[in-house]
Structure formats: C-alpha cells, structure tokens
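Protein chains in written order, with this note's numbering: chain A, 74 to 187; chain B, 18 to 135. In what follows, a structure is listed as structure tokens, so that the remarks can point back to it.
So this is what it looks like as structure tokens:
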C-alpha cells in the first residue's frame, strides 16, 4: 500500500482566516514533505520532516507553519495568507534514510485564497 | 544548486507508437537518484520509474524505460505502445544523496505535457 491521504480536497479561505491542511500515511515512512504547486508549474519543496527533524525552505513565508504530531501525520497551518498563495498543496512521504528513497504523493489540497 | 531541464513543453504521439521525453540535469554529486513522475489532470503525482546513479543498467517498468547517460547528465524516458491513459504531464525529478534534511526534497523539471492521439 503506497497511499498518502490529504484533507480537505478543496479549501477556500479569506486572508484573515486560520486553517489547516492534513496529511496522513500508514506505510511506516519516517520522512514527510510539503510541496506547493502553482498552475502549469512543477512542485516546489516547502518543508521536510525527516525522523521528526524539520527542515525549511528559507523562501517560504512564516504564514505557513508545519507540524508533525507523529511520524504518520503532517499538518500545514495557514494564517494570514495572500491571494498569491492559492495553489495545489501536495504532501509526500518516503522511507527516509540511506536507501533509494522514493517519495509517494497524496492527491493534494486545492487552496484558494480570496 | 541542482537544476533539472525538460526542453519539450509538449509532445504528441499516436496511440500504439513510441515516444521519448528528454531530461537533463546538473549536479556536482556522484551519488543521486532520478525519477519520472506522471501527473494526470486528476492531479495525483504518480511514480513512473526511478534510477540510482550508481547503477549502469537502465531501469525498465513494463512499457516504460529510461536511457540514463551519467556522463552526459541525461535521463530520457521512453514510452512504448502508447496508450490513451498515458496522457499526462510528465516531470523529471532529481534527489541528491541522503542528508536527513531539506536536500532530500525533489527538484523537478518544468514538465512535458504528453498528448496521445487516438
């Protein structure tokens, strides 16, 4: 089973709202990732959690806040977003470690910021 | 920084024919991994095939195969007997050696939109 689930599928929020995206995997993976994908563009890495250690793409604004409550769950907390943050947010997971580490992606959350 | 280049924004092929998608990359590492992912309009990113740089043998998965030329930093994808379900955006992706951090993320090319003509 290589399933990564993401909720919600779609999210519309105003610039003053606070919302969260959720990602879950039950493959025993120890690395989880958030990517942002604008229309007709490739995904861009935002955050990596590897063995509960967070690594941040320094270009990601602080209005995005990741959280990894346990090795199966990954959240992305959103606050005071801008319309340009509207995009598809993809979660991925992988085994982690010194192996051929294939990332498996969830279906994504389509975010619209009004 | 590593870069991945896909020079074909769009490709079209007749059903049952063979098509090759190009990918080149730039890295100073000797140990790395390369992937082809497929993203249909339904948007789920699906792994097509993967290659470890230290392996000289080209990877093959059913109708999908790669031509990995390490010295030339080239990683092309060949799709044989194209089917309507192969229509999608194809992304070439690079991952460097394990770091336990941000470098473990994938660097993607801009993608090639593959159209299958019935």
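For glycine and all other residues, C-beta sits at the position ideal for the given N, C-alpha and C. Quantities reported herein were computed from a predicted structural model and do not represent experimental measurements.
7 Å Cβ cutoff met for residue i and residue j
i, j, result
"residue 41 of chain B", "residue 95 of chain B", "no"
"residue 158 of chain A", "residue 167 of chain A", "no"
"residue 99 of chain B", "residue 133 of chain B", "yes"
"residue 182 of chain A", "residue 94 of chain A", "yes"
"residue 111 of chain B", "residue 25 of chain B", "no"
"residue 123 of chain A", "residue 117 of chain B", "yes"
"residue 110 of chain A", "residue 163 of chain A", "yes"
"residue 115 of chain A", "residue 55 of chain B", "no"
"residue 176 of chain A", "residue 165 of chain A", "yes"
"residue 146 of chain A", "residue 97 of chain A", "yes"
Alpha carbon of residue i to alpha carbon of residue j, nearest angstrom
i, j, result
"residue 160 of chain A", "residue 137 of chain A", "13 Å"
"residue 113 of chain A", "residue 89 of chain A", "27 Å"
"residue 79 of chain A", "residue 83 of chain B", "31 Å"
"residue 61 of chain B", "residue 179 of chain A", "7 Å"
"residue 139 of chain B", "residue 31 of chain B", "Here chain B covers residues 18 to 135 and nothing more, so residue 139 of chain B does not appear."
"residue 131 of chain A", "residue 139 of chain A", "13 Å"
"residue 109 of chain B", "residue 65 of chain B", "10 Å"
"residue 135 of chain B", "residue 75 of chain B", "29 Å"
"residue 87 of chain B", "residue 73 of chain B", "8 Å"
"residue 63 of chain B", "residue 23 of chain B", "18 Å"
"residue 53 of chain B", "residue 142 of chain A", "31 Å"
Residues near residue i by beta carbon distance below 6 Å, same chain, minus five either side
i, result
"residue 57 of chain B", "105"
"residue 152 of chain A", "91, 136"
"residue 97 of chain B", "35, 80"
"residue 101 of chain B", "133"
"residue 82 of chain A", "none"
One or two residues paired with residue i in a DSSP bridge
i, result
"residue 140 of chain A", "A:148"
"residue 115 of chain B", "DSSP, once it has assigned bridges, lists no residue as partnering residue 115 of chain B."
"residue 94 of chain B", "B:38, B:83"
"residue 108 of chain A", "A:118, A:163"
"residue 79 of chain A", "A:96"
"residue 103 of chain B", "Residue 103 of chain B pairs with nothing; no bridge assigned."
"residue 21 of chain B", "B:42"
Contact set for residue i: own chain, Cβ-Cβ below 8 Å, skip 5 residues either direction
i, result
"residue 28 of chain B", "36, 38, 129, 130, 131, 132"
Neighbourhood of residue i by C-beta, 7 Å cutoff - its chain only, sequence neighbours within 5 removed
i, result
"residue 121 of chain A", "104, 106, 128"
"residue 48 of chain B", "70, 71, 114"
"residue 43 of chain B", "19, 20, 90"
Looking at C-beta atoms only, is the number of pairs between the segment 56-70 of chain B and the segment 118-125 of chain B that lie closer than 8 Å three or more?
-> no
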